[in-house]
Amino acid sequence: MIDSANEAVLVCDRNGIITHANAASSLVYAGNRIGRAFAEVIPLDFHDTSGVLQADDMIAMVIAGTPLRGIEATATNAPKVKDYLVSAAPLRVAGDRISGAVVTMVDLSHRKAADDQQRLLMRELDHRVKNTLAMVASISARTAARADTVEDVQTVFSGRLQALAATHTLLLGSSWTSLELGAIVMSELAPHIDADAGQIATEGLAVAITPRAAIAFGLIVHELATNAVKYGALSQPGGRITVRALGGGDGESNPLVLEWRESGGPPVAPPEHKGFGHTVITRSLRYGTGGGAELDFDPAGLVCRISIPSGDLV
Numbered sequence: 009m010i011d012s013a014n015e016a017v018l019v020c021d022r023n024g025i026i027t028h029a030n031a032a033s034s035l036v037y038a039g040n041r042i043g044r045a046f047a048e049v050i051p052l053d054f055h056d057t058s059g060v061l062q063a064d065d066m067i068a069m070v071i072a073g074t075p076l077r078g079i080e081a082t083a084t085n086a087p088k089v090k091d092y093l094v095s096a097a098p099l100r101v102a103g104d105r106i107s108g109a110v111v112t113m114v115d116l117s118h119r120k121a122a123d124d125q126q127r128l129l130m131r132e133l134d135h136r137v138k139n140t141l142a143m144v145a146s147i148s149a150r151t152a153a154r155a156d157t158v159e160d161v162q163t164v165f166s167g168r169l170q171a172l173a174a175t176h177t178l179l180l181g182s183s184w185t186s187l188e189l190g191a192i193v194m195s196e197l198a199p200h201i202d203a204d205a206g207q208i209a210t211e212g213l214a215v216a217i218t219p220r221a222a223i224a225f226g227l228i229v230h231e232l233a234t235n236a237v238k239y240g241a242l243s244q245p246g247g248r249i250t251v252r253a254l255g256g257g258d259g260e261s262n263p264l265v266l267e268w269r270e271s272g273g274p275p276v277a278p279p280e281h282k283g284f285g286h287t288v289i290t291r292s293l294r295y296g297t298g299g300g301a302e303l304d305f306d307p308a309g310l311v312c313r314i315s316i317p318s319g320d321l322v
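If you're matching positions, the sequence shown starts at 9 in the numbering used here and goes up one per residue.
Rendered as C-alpha cells:
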C-alpha cells in the first residue's frame with residue numbers, strides 16, 4: 009500500500025528512525041533512507057513557525073499521540089521538489105500502543121506555481137486598474153476644462169469612456185496579449201458608418217500591437233472619428249476615410265507609420281483653437297521612441313499620420 013502511493017510516505021519507529029520508505033520518497037531524499045534518522049536526512053522548514061517547529065519535534069509530537077495535518081514545509085535537502093504539504097500520524101500496530109509515525113509529503117510545486125502566477129496576475133491587474141483610473145481622471149479633468157456646458161461634458165466624456173471600453177473589450181477577447189490595428193479602427197468607426205456604404209477603406213492594418221499601444225491608438229481613432237462625424241468626411245454623404253500603413257516598423261528606432269486620410273467632405277481649415285481632442289491625438293503615442301501623431305489640415309480632407317513605436321509591434 010505504501011509503495012503504490014504517489015505521495016512520499018515514510019514510516020519511523022519510536023526513535024524517529026526510518027523503517028519504511030516508498031519510491032516516491034526519493035524526491036525528498038535521493039540517498040538511502042532506511043535506518044537513518046528522519047530529522048537528519050529530511051530537515052524541514054515549517055512555514056510561519058519562526059523556526060520553533062523542526063522535523064524532530066514533529067516526530068516526537070506524533071509519537072506522543074498528536075497528529076499533524078496539512079502543514080506547509082520546505083524540504084531544504086530535497087534534490088528537486090522543495091515545497092510539500094506534510095501530514096504525520098501515529099502508527100498503531102496493535103491496540104492503542106503507538107509504535108512510531110507515518111509521514112506523508114505531498115508535492116506542492118504545481119500549486120506553488122499556480123499561486124505565483126495568480127499573484128503575478130493580481131499585481132498586473134492592480135497595475136492596469138491604477139493606470140486606467142489615472143487615465144480616466146485625466147480625460148475627465150481635461151474634458152471638463154474645455155467644455156462649455158454640463159451636457160457637453162457628459163456627451164464628450166461618455167464618448168471617450170466608450171472608446172476606452174471598446175478597446176478593453178477587444179483586449180479581453182485576446183487575453184490582453186495584442187490587437188490588430190484593423191480591428192481597433194473598425195471597432196471605433198462602427199457606430200458612425202453604414203457597413204455597406206463603402207465609406208471606409210483600410211490597407212496593411214493586419215499588424216498586431218501591444219495592449220498599451222492599442223489603448224492609445226484606440227483613443228486617437230476615436231477622436232479622429234468623432235471629428236469626421238462632426239466636421240469632416242462622415243458629416244455628409246459621399247465622404248470617405250482611408251486608413252493605410254505607409255511603412256516602417258522594421259528597426260528599433262523606426263516606427264510603423266499609418267495614414268488617416270479623409271476625402272469627399274466639406275473643405276477643411278485649421279481650427280482657431282486646439283481642444284483636448286487635438287492633445288489626445290498628438291500625445292497618446294509619445295511614450296515610445298518615434299511614437300506620436302501629426303495632423304495636416306489639407307483643404308481636400310484631414311490627414312493624420314500616426315507613428316506606432318516599433319517596440320509595440322508584436
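Using N, Cα and C, we set each Cβ at its ideal position, and we do this for glycine too.
6 Å CB neighbourhood of residue i in its chain, flanking five on each side removed
i      : result
Gly319 : Gly296
Ser315 : Pro263, Val265, Gly298, Gly299 and Gly300
Gly212 : Arg252 and Ala253
Val111 : Leu18 and Ala96
Own chain residues within Cβ distance below 8 Å of residue i, not counting five before or after
i      : result
Ile192 : Thr175, Leu178, Ala222, Phe225, Gly226 and Val229
Asn14  : Ala32
Gly255 : Leu264 and Val265
Leu232 : Trp268, Ile289, Leu310 and Cys312
Thr287 : Arg150
Which of helix, strand or coil DSSP assigns to residue i
i      : result
His200 : helix
Arg105 : coil
Ala216 : strand
Ile314 : strand
Glu211 : strand
Glu267 : strand
Val36  : coil
Ile223 : helix
Ala13  : coil
Glu329 : Absent from the model: residue 329. The displayed extent of the chain is 9 to 322, so no value can be given.
Thr185 : coil
Asn262 : strand
Gly257 : strand
Gly190 : helix
Val288 : helix
Gly309 : strand
Val322 : coil
Beta strand (DSSP E) segment containing residue i, residue limits
i      : result
Ser243 : Premise fails: Ser243 is in no beta strand (DSSP E) and is neither H nor E.
Glu302 : Gly300 to Asp306
Gly78  : Leu76 to Ala83
Ser95  : Asp91 to Arg100
His55  : Unbroken run through His55: none, as it is neither H nor E.
Ile25  : Taken as a continuous stretch (DSSP letters only), Ile25 belongs to no beta strand (DSSP E), as it is neither H nor E.
Residue i, buried or exposed, once every other Cβ within 10 Å from all chains shown has been counted against 16
i      : result
Val94  : buried
Pro113 : Correcting the residue type first, residue 113 is Met in the shown sequence and not Pro. Counting Cβ neighbours within 10 Å, Met113 comes out buried, since at least 16 surround it.
Ala142 : exposed
Phe305 : exposed
Arg105 : exposed
Pro240 : A small correction: the amino acid at residue 240 is Gly; Pro does not occupy that position in the sequence shown. With 16 or more other Cβ atoms within 10 Å, it is buried.
Trp41  : It is Arg, not Trp, that sits at residue 41 in the sequence shown. That one is buried.
Leu180 : exposed
Ser292 : buried
Asn235 : buried
Ile19  : Note on residue identity: the sequence assigns Val, not Ile, to residue 19. Buried, since its Cβ has 16 or more Cβ neighbours within 10 Å.
Arg168 : buried
Gly24  : buried
Val49  : buried
Gly108 : buried
Glu132 : exposed
Val70  : buried
Gln207 : buried
Leu99  : buried
Gly285 : buried
Leu242 : buried
Ala72  : exposed
Extent of the continuous alpha helix (DSSP H) run through residue i
i      : result
Arg44  : That residue, Arg44, is in no alpha helix (DSSP H); it is neither H nor E in DSSP.
Ser146 : Ser117 to Arg154
Asp65  : Ala63 to Ile71
Leu293 : Segment: none, Leu293 is in no alpha helix (DSSP H) and carries neither H nor E.
Val158 : Val158 to Gly181
7 Å CB neighbourhood of residue i in its chain, flanking five on each side removed
i      : result
Gly246 : Gly272
Pro275 : Pro307
Ala216 : Ser186, Leu187, Glu188 and Val322
Tyr92  : Ala81, Ala83, Met113, Val114, Asp115 and Leu116
Residue i beta carbon near the ligand MN (any heavy atom closer than 7 Å)
i      : result
Asp160 : Ligands displayed in this structure: none; no statement on the ligand MN is therefore possible.
query: Taking three-plus beta-carbon pairs below 8 Å as touching, is the region 279-289 in contact with the region 260-270?
result: no
message: Tell me whether the region 186-205 and the region 286-302 touch, counting them as touching only if at least three CB pairs, one residue from each stretch, are closer than 8 Å.
response: no
query: Does the region 113-132 come close enough to the region 155-170 that 3 or more CB-CB pairs lie under 8 Å?
result: no
query: If you pair each beta-carbon of the region 61-80 with each one of the region 26-44, do three or more pairs fall below 8 Å?
result: no
task: Determine contact between the region 132-148 and the region 48-55, defined as no fewer than three beta-carbon pairs at a distance below 8 Å.
output: no
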